[in-house]
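Student: In mature numbering (1 follows the signal peptide of the UniProt record, and there is no 0), the protein residues as written are -23 to -1, 1 to 165.
From the three backbone atoms N, C-alpha and C, an ideal C-beta is built for every residue, glycine too.
My questions all concern the structure below.
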Amino acid sequence: MYNVYGTFLFLMVAYIISSGVLAANCEPGWREFKNNCYLFNKSKTNWRDARKFCEGKQASLATVTSLDKHNYITEQIILEDTSHTWIGGNDIGREGLWVWERTGEHFKFTKWHTGQPDNDKNNGHCLLMDAGYGFAWNDITCVNSYSFVCEKPSKTASTCQEVLISSLLKHCITDKNLQSFIKSLQKK
């Protein structure tokens, strides 16, 4: 009986892996944090071209809406050994009214450096995480070239394929819950 169960379990795991159901929540090169995927691009470009690059990846420049997210992005920027990094905020539509490019929402969380935003000689309309300010935010002219970070939602259980294990069991398999899934089979 144990050999039949072991064989079934092995075949099921092999099927899941070979069918592509077992997949990382982010594409190669992207990093996951709290249900989002981030791509840290060391190439230096202006804010608009950075935004276009992210859009080409079905993403947007990062929307930093909490201290946790700010700290995570800061840690990754340091690991990437970059310094000044574009994120997705701007006041292009109306001076002093800062919004997130992806959502159009006004900032609820901010991490401005002291004295910022200062409109950088009447031209500071794009948001930069500035290493010179301890990665606090700085408004700066959008034509400067810096590295940037893209963000998009990770693949979650609600978007992954479902696998019919039997007529009674229906599971969505991700790398996060594979171990729980196997344990549930062992209990049966």
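1) Once the 5 residues before and after Y(-9) are set aside, which same chain residues still bring their CB inside 7 Å of it?
2) Could you work out which residue in Y110, P130, E128 is closest to H61 when comparing CA atoms only?
3) Determine the closest residue to C127 out of E9, E4, V120, L38, with distance taken between C-alpha atoms.
4) Taking all protein chains shown into account, decide if E82 is buried (16 or more other Cβ within 10 angstroms of its Cβ) or exposed.
5) Can you tell me which of T91, S43, T51 puts its alpha carbon nearest to the alpha carbon of W77?
6) Rank G73, C31, S124, K132 by C-alpha distance to the C-alpha of M106 and give the top, closest one.
7) Could you give the DSSP three-state label for G33: helix, strand or coil?
8) Can you say whether L56 is buried or exposed, counting buried as having 16 or more other CB atoms within 10 angstroms of its CB?
9) Kindly identify the DSSP beta-bridge partner or partners of W114.
10) What's the C-alpha gap between E4 and F10?
11) Is there a C-beta anywhere in chain B that falls below 8 Å from the one on R79?
12) Examine the ligand ATP and report whether any of its heavy atoms sits within less than 7 Å of the Cβ of T87.
13) Using a 10 Å radius around the Cβ and a threshold of 16 neighbouring Cβ atoms, would you call D116 buried or exposed?
14) Put S135 into one of helix, strand or coil per three-state DSSP.
15) Here's a check: name, in chain order, each residue in its chain whose Cβ is nearer than 8 Å to the Cβ of L74, leaving out the five neighbours to either side.
Tutor: Reading off the structure:
1) If you number the sequence shown from 1, residue -9 lands on position 15. Model confidence at Y(-9) stands at a pLDDT of 48, short of 50, so the residue's coordinates are unreliable and nothing is read from them.
2) Locating residue 61 in the sequence shown gives position 84, counting from the first residue. Nearest to H61 by alpha-carbon distance, out of Y110, P130, E128, is Y110.
3) Residue 127 sits at position 150 when you count from the first residue of the sequence shown. The shortest C-alpha separation from C127 is found at L38.
4) Walking along the sequence shown from the start, residue 82 turns up at place 105. A residue is called buried once 16 or more other Cβ atoms fall within 10 Å of its Cβ, and E82, having fewer, is exposed.
5) To locate residue 77, count along the sequence shown from 1; it is residue 100. Per the Cα distances, S43.
6) As a working note, residue 106 is residue 129 in the sequence shown. Restricting attention to G73, C31, S124, K132, the CA atom closest to the CA of M106 is found in S124.
7) Within the sequence shown, the letter at position 56 stands for residue 33. Looking at G33 - three-state DSSP - the assignment turns out to be helix.
8) Here residue 56 is taken as the residue at index 79 of the sequence shown, counted from 1. Here L56 is exposed, its C-beta having fewer than 16 other C-beta atoms within 10 Å.
9) Your numbering for residue 114 matches position 137 in the sequence shown. DSSP, once it has assigned bridges, lists W89, M106 as partnering W114.
10) The residue you call residue 4 lines up with position 27 of the sequence shown. The residue you call residue 10 lines up with position 33 of the sequence shown. Each residue's alpha carbon lies about 13 Å from the other.
11) No chain B appears in this structure, which consists of one protein chain only.
12) Because no ligand of any kind appears in the structure shown, any question about the ligand ATP cannot be addressed here.
13) Taking the sequence shown and counting its residues from 1, one reaches residue 116 at position 139. Buried, by the Cβ-count rule.
14) As a position in the sequence shown, residue 135 is number 158, starting the count at 1. Caution applies to S135, whose pLDDT of 47 falls short of 50 and renders its modelled position unreliable; the model cannot decide the point.
15) In the sequence shown, the residue the question calls residue 74 occupies position 97. Here the set comprises D68, H83.
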